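Asks: Protein chains in written order, with our numbering: chain A, 80 to 380; chain V, 80 to 380; chain Z, 80 to 380; chain B, 80 to 380.
4 protein chains.
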Amino acid sequence: MALGRIRTDLALETKEKFEEDNVEIRGVIIEEDYNEEKDIRTTTVKIETENGAKAMGRPQGVYITLEAPNMSVPDEDYHREISKELAKHIRKLVPMEKELTALVVGLGNREVTPDALGPDVVSNLRITRHVIQEYGVQSMGREYANSISGLVPGVMAQTGMETLEIIKGVVDETKPDVVFAVDALAARSTKRLNRTIQITDTGINPGSGVGNHRNGLSEETLGVKVIGIGVPTVVDAATIVQDSMAHLLDTLEESEKKEFLEEMIAPSLHSMFVTPKDVDETVKRLSYTISEGLNMAFEQA
Amino acid sequence: MALGRIRTDLALETKEKFEEDNVEIRGVIIEEDYNEEKDIRTTTVKIETENGAKAMGRPQGVYITLEAPNMSVPDEDYHREISKELAKHIRKLVPMEKELTALVVGLGNREVTPDALGPDVVSNLRITRHVIQEYGVQSMGREYANSISGLVPGVMAQTGMETLEIIKGVVDETKPDVVFAVDALAARSTKRLNRTIQITDTGINPGSGVGNHRNGLSEETLGVKVIGIGVPTVVDAATIVQDSMAHLLDTLEESEKKEFLEEMIAPSLHSMFVTPKDVDETVKRLSYTISEGLNMAFEQA
Amino acid sequence: MALGRIRTDLALETKEKFEEDNVEIRGVIIEEDYNEEKDIRTTTVKIETENGAKAMGRPQGVYITLEAPNMSVPDEDYHREISKELAKHIRKLVPMEKELTALVVGLGNREVTPDALGPDVVSNLRITRHVIQEYGVQSMGREYANSISGLVPGVMAQTGMETLEIIKGVVDETKPDVVFAVDALAARSTKRLNRTIQITDTGINPGSGVGNHRNGLSEETLGVKVIGIGVPTVVDAATIVQDSMAHLLDTLEESEKKEFLEEMIAPSLHSMFVTPKDVDETVKRLSYTISEGLNMAFEQA
Amino acid sequence: MALGRIRTDLALETKEKFEEDNVEIRGVIIEEDYNEEKDIRTTTVKIETENGAKAMGRPQGVYITLEAPNMSVPDEDYHREISKELAKHIRKLVPMEKELTALVVGLGNREVTPDALGPDVVSNLRITRHVIQEYGVQSMGREYANSISGLVPGVMAQTGMETLEIIKGVVDETKPDVVFAVDALAARSTKRLNRTIQITDTGINPGSGVGNHRNGLSEETLGVKVIGIGVPTVVDAATIVQDSMAHLLDTLEESEKKEFLEEMIAPSLHSMFVTPKDVDETVKRLSYTISEGLNMAFEQA
């Protein structure tokens, strides 16, 4: 079935798509883990070859996905568990053996509720760089402290600049060891919205995010390691229609299918997104969970 | 074609639905007017009988719809024209022969971008009641001044109260002559989003608005005249799927149809909405256009 | 020394003023308690007679003040201690022997940083009334649950209505057992800013708060018990000048003093307030501490 | 009278200080103009020599101050006049003979009401750079169009970075011809708050602004011309006390004076600011007036 490009920012969903179609991809390794007590499912997709990258439509690297059905529910203890899991994975991708300087970038538009995740994460972070630069590490009351800075670059309609231009400028000027880029993502399935976190060492890819960055943020474009952290908060409106129709389309001839898809999915749908009605509370809570995860990762001795 | 209840807050869309099906409804009068120069289409739907009300699924009264394709575009002069049109219709529905006391209520959730229209409108209004109460009408520098108050009640998840309870309390206490209730609406078609204003003397009906008020705001429930002003800013996600499939479904048997509809439209879709990606700028601009329309209506001598 | 009316919303500061002047007031009982470990000082001022009320310039009742120098510092564990103390005092003033229905009102202007405390508190509360009304207490997963509603009425410049009118309307309509009114207060001394919480069973008094309510919120005006909870976040600009000059003025003759005060304190100063530069973070943190205190008070079995 | 350093960001106030003391400064030229009809006073201070710069405590360059008593009043037509005046002065400082690329930077903390001026200005600007880069100047519907970008860098407590570092990075990357830096300023006198605009070709100087930038933004530090545009929205709390006491102090001996100043102005006052109670509406209005002035300056043919 060739429904055209189903847009998803989750490597996990691309993988599932292949499984549905019973296709095996070489160069892609998948590990799954389910913590029954915490009800957190962890899937690691490793794209190890150029071939795997081509098939998956995304760069070589590691994509870790935490799925937790209760992530969108207000239970403080449960969110703390997720923050811990997130911190653990971050520290695996970025070993903090020595003191680290990290820039956390909150991508997205703080004026659009489902896209405000990145900016919200940065506003809950414990920023330390200016204190360490002024008074030294010992002023932090700990022997060891990472130097953390934060940036909310805004979106192109607000700035007239590519997000990459702004971040590249700031990276060149302040020279962090690593960039963490936090973004609201688009999923293929509404079931995943606000209950999935993807962490990847490949950064943020073009076409990714609610606001659709044109140029990726990666080691290649920024010159330093980039860890991408994302939560799907929207589904493209066109995707929802395609998905809902999938079974129905199976009853039709191939030529009929194509015609229907072209006719039925109004072009305007491609500039629309689908999001849950309670997106405000959920994004607020999730952004706190992620900033706590980052705070934990940065502050562990 | 019985697709079940297509949800729309626009009387205009209900009317169109009947036209599509070539059904004529008694007790409903429709007038259309197109101003070519300004590119504003005005449709007035008058529901005059109990029968018409039943067929249309909404109370007897007048529903005026302004459609202006450029309403979502940033052109200050054009928006001023729409404000003027709006003011004109408001003054027809609420003749301001003597000094009026009006309460403008901004319904919706200011934390959810497409639902912030009502709260944004109230924050741009020229509030006068407290000045007139303290210093008299003459202090306004005009011979004649309406007494305008404003309220942003919030939504049930934030307050634990029905919006009706809050407004009824405030109306009983402050006794305005008329209530204007401004709300973000749900349309059936994405084409109408952010380019349509509905003004009605029936108030706000149950099931209306992005946040789905359970109890209507009307003369019956509040004891004073209620003018509802709304702009469709979202489409229910389920509606979009239904609509996209309409033609496809025509190829199927009636029994197959029902089955597909039940299977395909995931229940979770009913708690989702579809909205344009640039909803932040558009809602900000439209809320300004509407508050200017209200300001003009209130301030003309 | 008669510096005219030194404006303060803290009963504690009025008391100190008398102590400075070595005046003892009959009908006013004072208890002090200092928890060294937690570094929290608790002062209870009980105004027990009409005479005491006159001398203190505020109604008969209990005024509890928590002073904690670290309250303005970001230490989560410490803030939890303060929330606990607050919950303890609330439960003493409002015994929760049976299920309670409480309305929490967030006074102040959410657009002015030091005045946003009240609105911020309400947005962090766990609201339950709508759930209990719809699904019953058992739906809360506990045997026992208080019915909590919340309201952010706005300020007169935004609404054209007295805050009292709005709240009275909502109280008459929804009939809570008790109202909690949370407000940003004015202190006399900058030392108290953002490190003091006052809890009182007399509600909110006229002239109180950053925005200066003209009509008090009390059992007398609302018909139900009103607990006032406030944090001083500003000092009146005129007060700061007066206080800074106190010693200097002592060197002058009484007639010179009066002249200086009239000349020196520009009338415009009375429409100004003084606030710390880091007021944004501090108010955010304190509002969270207070809503947690309220959540704890409401949820203990 | 040596009250120590009276802090003001307005060259005009420094000049007045010298006049009070009957001191004439060489190398500083002053021109005044009063438009009676519009009630706008324009003062141009030109610091032309190194000596003048030393005396005035600020770099050589042009400082234009517009004073308009009604600037803090909501009169749309009057604000348009101020926007026009502002546009006129901008075009004198930055001749727009050929197409210009300009970066407008909104300094300050959007979470603190009086410091939100800069961020608010940027959010009302018409940003064009991304459209011109993608589709060319002709896509703007005009023969001629300046390329405008905007940036809200945040403050050091939020980012951990010097504002200069962020802006320098972005300037190096995007290479604008000129930077406009908009900031909320500190005045010495409350009379000037929210009714004065200062425009200078010297950029933003250290110690300037509500948030106190440590490193200036100037041609020297950024490598491109920097126009500073500022409105005083606060007065330092310590300044208000000093100023109120000025006359009183005149009655004292020099040695007494010093003692009083040291004792009376509590160190905590230096971390406080004074601002009008209606700062929210005023800053919103002024930021709109300034962005309109910039829009006009950029869009005139």
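Each residue gets a CB set at the ideal place from its N, CA and C atoms; glycine is no exception. Being a predicted model, the structure only gives us computed values, none of them experimental.
Is it true that the region 258-270 of chain Z meets the region 88-95 of chain Z, where meeting means three or more beta-carbon pairs spaced less than 8 Å apart?
Replies: Yes, the region 258-270 of chain Z is in contact with the region 88-95 of chain Z.
Asks: On the three-state DSSP scale, how would you describe S226 of chain A?
Replies: Strand at S226 of chain A.
Asks: Can you find a C-beta in chain B that's less than 8 Å from the C-beta of A81 of chain A?
Replies: Bear in mind that the predicted position of A81 of chain A carries a pLDDT of just 30, short of 50, making it unreliable; the figure below should be weighed with that in mind. No, its Cβ sits nowhere closer than 8 Å to a Cβ of chain B.
Asks: Rounded to a whole number of angstroms, what is the C-alpha to C-alpha distance between T354 of chain B and T312 of chain B?
Replies: Approximately 7 Å between the Cα atoms of the pair.
Asks: Does any residue of chain A bring its CB to less than 8 Å from the CB of D262 of chain V?
Replies: Cβ-Cβ to chain A under 8 Å: no for D262 of chain V.
Asks: Using DSSP's beta-bridge definition, name the partner residues of L145 of chain V.
Replies: V:T121, V:I276, per the DSSP bridge assignment.
Asks: Tell me the DSSP secondary structure of L82 of chain B in three-state form.
Replies: Only weak support is given to the placement of L82 of chain B: the predicted model assigns it a pLDDT of 34, under 50, and the question is left unresolved by the model.
Asks: Do you know offhand how far Q212 of chain A's Cα is from N149 of chain Z's?
Replies: So the two alpha carbons sit approximately 25 Å from each other.
Asks: Let me check understanding here. Comparing Cα to Cα, which of V:D359, V:V320, V:R364, V:Y367 lies closest to A345 of chain V?
Replies: Residue V:V320 is the option with its Cα nearest to A345 of chain V.
Asks: Between the Cα of T279 of chain V and the Cα atoms of V:N294, V:N273, V:V191, V:V258, which residue gives the shortest distance?
Replies: Closest by alpha carbon: V:V258.
Asks: Tell me which residues share the same chain as K336 of chain A and place their Cβ nearer than 7 Å to its Cβ, disregarding the 5 neighbours each side in the sequence.
Replies: The residues are L328.
Asks: Quick one: is A325 of chain A buried, meaning 16 or more other Cβ sit within 10 Å of its Cβ, or exposed?
Replies: By the neighbour-count rule (16 or more Cβ atoms within 10 Å), A325 of chain A is not buried but exposed.
Asks: Do the CB positions of G248 of chain B and V183 of chain A come within less than 8 Å of each other?
Replies: Not in contact: G248 of chain B and V183 of chain A (Cβ atoms no closer than 8 Å).
Asks: With three or more beta-carbon pairs closer than 8 Å as the criterion, would you say the region 226-242 of chain Z touches the region 218-233 of chain V?
Replies: Yes, the region 226-242 of chain Z touches the region 218-233 of chain V.
Asks: Applying the 10 Å Cβ sphere with the 16-neighbour rule, what's the burial state of E333 of chain V?
Replies: Flag for E333 of chain V reads exposed.
Asks: Return helix, strand or coil for A195 of chain Z, following the three-state DSSP convention.
Replies: DSSP places A195 of chain Z in coil when its eight states are reduced to three.
Asks: For the region 230-254 of chain Z, list the beta strand (DSSP E) runs that are entirely contained and at least 3 residues long, ordered along the chain.
Replies: The qualifying runs do not exist here; there are none.
Asks: Strictly under 8 Å for the Cβ-Cβ distance: is I206 of chain A near chain B by that measure?
Replies: Closer than 8 Å to some Cβ of chain B, the Cβ of I206 of chain A qualifies, so yes.
Asks: Let's see if you can read the secondary structure: which residues bound the beta strand (DSSP E) around M351 of chain Z?
Replies: Taken as a continuous stretch (DSSP letters only), the beta strand (DSSP E) holding M351 of chain Z covers 351-355.
Asks: Verify whether the separation of the beta carbon atoms of E190 of chain A and T192 of chain V is less than 8 Å.
Replies: Yes, the Cβ-Cβ distance between E190 of chain A and T192 of chain V is below 8 Å.
Asks: Against D359 of chain V, what residues of chain A qualify as contacts under a CB-to-CB distance less than 7 Å, listed in chain order?
Replies: The answer, in chain order, is N188, E190, V191.
Asks: K304 of chain A by DSSP, collapsed to three states: which one?
Replies: Strand.
Asks: Taking only beta carbons into account, state which residues of the region 235-249 of chain B come closer than 8 Å to chain A, listed in chain order.
Replies: Here the close residues are M235, A236, Q237, T238, G239, M240, E241, E244, I245, K247, G248, V249.
Asks: Roughly how many angstroms separate the alpha carbons of M135 of chain A and A317 of chain V, rounded to a whole number?
Replies: One C-alpha to the other measures close to 30 Å.
Asks: For I104 of chain A, which of helix, strand or coil comes out of DSSP?
Replies: In the structure shown, I104 of chain A sits in coil (DSSP, three-state: anything other than H, G, I, E or B).
Asks: Taking D262 of chain B as part of the beta strand (DSSP E), name the residues at either end of that continuous run.
Replies: Looking at the DSSP string, the run of the beta strand (DSSP E) that includes D262 of chain B is 257-266.
Asks: For a contact defined as C-beta to C-beta under 7 Å, what are the partners of V231 of chain A on chain B?
Replies: Neighbours of V231 of chain A on chain B, chain order: G233.
Asks: Can you tell me where the beta strand (DSSP E) with L182 of chain B in it begins and where it stops?
Replies: L182 of chain B -> beta strand (DSSP E) spans 180-185.
Asks: Which first and last residues belong to the alpha helix (DSSP H) in which G215 of chain Z is found?
Replies: No alpha helix (DSSP H) contains G215 of chain Z, which DSSP labels as neither H nor E.
Asks: For E160 of chain V, which residues in the same chain have their Cβ closer than 6 Å to its Cβ, ignoring the five residues on either side in sequence?
Replies: Excluding residues within five positions, the ones whose Cβ falls inside 6 Å are K117.
Asks: List, in chain order, every chain V residue whose beta-carbon is nearer than 7 Å to that of P355 of chain A.
Replies: The answer, in chain order, is S350, M351.
Asks: So if I threshold CB-CB distances at 8 Å, which residues from the region 101-114 of chain B count as touching chain A?
Replies: From the region 101-114 of chain B, no residue has a Cβ closer than 8 Å to chain A.
Asks: Is it buried or exposed for L365 of chain Z, if we count other Cβ within 10 angstroms and need 16 for buried?
Replies: Per the 10 Å Cβ criterion, buried.
Asks: Would you report the Cα separation of E111 of chain V and N130 of chain V, rounded to the nearest angstrom?
Replies: Taking the straight line from one Cα to the other gives about 22 Å.
Asks: Is T318 of chain A helix, strand or coil by DSSP?
Replies: Correct three-state label for T318 of chain A: helix.
Asks: Name the two residues that bound the continuous alpha helix (DSSP H) containing M296 of chain V.
Replies: Note that residue 296 of chain V is Leu in the sequence shown, not Met. Run containing L296 of chain V: none; DSSP gives neither H nor E here.
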